[in-house]
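Beneath this line is the structure, given in structure tokens, with notes to follow.
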Amino acid sequence: MIKKISRKILLLTSYFLLLTVFFGCSTPQKSAAPSSSAISEQSGINVGFDIDDTLLFSTPAFKKADESGEAAYSDEWWTIVNKSDEGNSIVKKVAEKILNEHRSKGDGIFAITARDKAGSNVLKSYMNKTFGIKKENVFCTHRKAEKIRELNIKIFYGDSDSDITAAQEAGAKGIRILRSPKSSYKSKYHPGEFGEEIIPNSEE
131 MIKKISRKIL
141 LLTSYFLLLT
151 VFFGCSTPQK
161 SAAPSSSAIS
171 EQSGINVGFD
181 IDDTLLFSTP
191 AFKKADESGE
201 AAYSDEWWTI
211 VNKSDEGNSI
221 VKKVAEKILN
231 EHRSKGDGIF
241 AITARDKAGS
251 NVLKSYMNKT
261 FGIKKENVFC
271 THRKAEKIRE
281 LNIKIFYGDS
291 DSDITAAQEA
301 GAKGIRILRS
311 PKSSYKSKYH
321 PGEFGEEIIP
331 NSEE
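Structure below.
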């Protein structure tokens, strides 16, 4: 009788152990947000980021300018774009995480955008408020390769082909942030074409 009871207790114990293991293993695990291999590289370097479709989903800001009636790409149009990020553009969380990781290891942070300088003081204030990038470290230029070289930037993150090629031309490592499929800008986008690292799941 005692042997039968002991056997039942043993079987029940084994059963509950199996249930514990099963449910423990089947519990969904939160995957870590994508990061960059460059984070593990030398600290204290200068790192650059494009703004539109890299740090910000800024299509809503450009839409404001388009709806204003101002001539596209005029100073007035660009002023509206640069003043419209607040309350309209959306921070891309994966890129923001990477930026903060670089900052935490002592890297210098810069933003280089092909936006026009008209109204750029508002843009610089917004980038400082939103990402903690110093105003003097935000640059508006179409000659990104020259600026990357001038600032001694070693790693540059961007969404467009021209971001990657500008980095490579300047001797920096270009890393691709994926563009949101909702972006109004569809040109110059061929991820991986230049052998660059691509940050997965970085569309949003």
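Under the numbering used here, the first residue of the sequence shown is numbered 131, with each subsequent residue one higher.
Note that beta-carbon positions come from the ideal geometry of N, C-alpha and C, so glycine has one too.
Contacting residues, own chain, Cβ-Cβ under 6 Å from isoleucine 175 (five flanking each side not counted): Asp237 and Lys284
Same chain only: Cβ atoms within 8 Å of arginine 245, ignoring 5 sequence neighbours per side: Ile181, Asp182, Trp208, Val211, Asn212, Leu253 and Cys270
Straight-line gap, histidine 320 to valine 224 (C-alpha atoms, nearest Å): 20 Å
Beta-carbon proximity of lysine 318 to aspartate 291, cut-off 8 Å: yes
Counted within 10 angstroms of its Cβ, other Cβ atoms place isoleucine 242 as buried (16 or more) or exposed: buried
Endpoints, alpha helix (DSSP H) assigned at tyrosine 287: Per DSSP, tyrosine 287 belongs to no alpha helix (DSSP H); it is in the beta strand (DSSP E), 283-288.
Backbone secondary structure at phenylalanine 179 - three-state DSSP: strand
Where glutamine 159 falls: helix, strand or coil (DSSP): Legend: pLDDT at glutamine 159 = 35, less than 50; position of this residue unreliable, value from coordinates given subsequently. Three-state DSSP puts glutamine 159 in coil, outside helix and strand.
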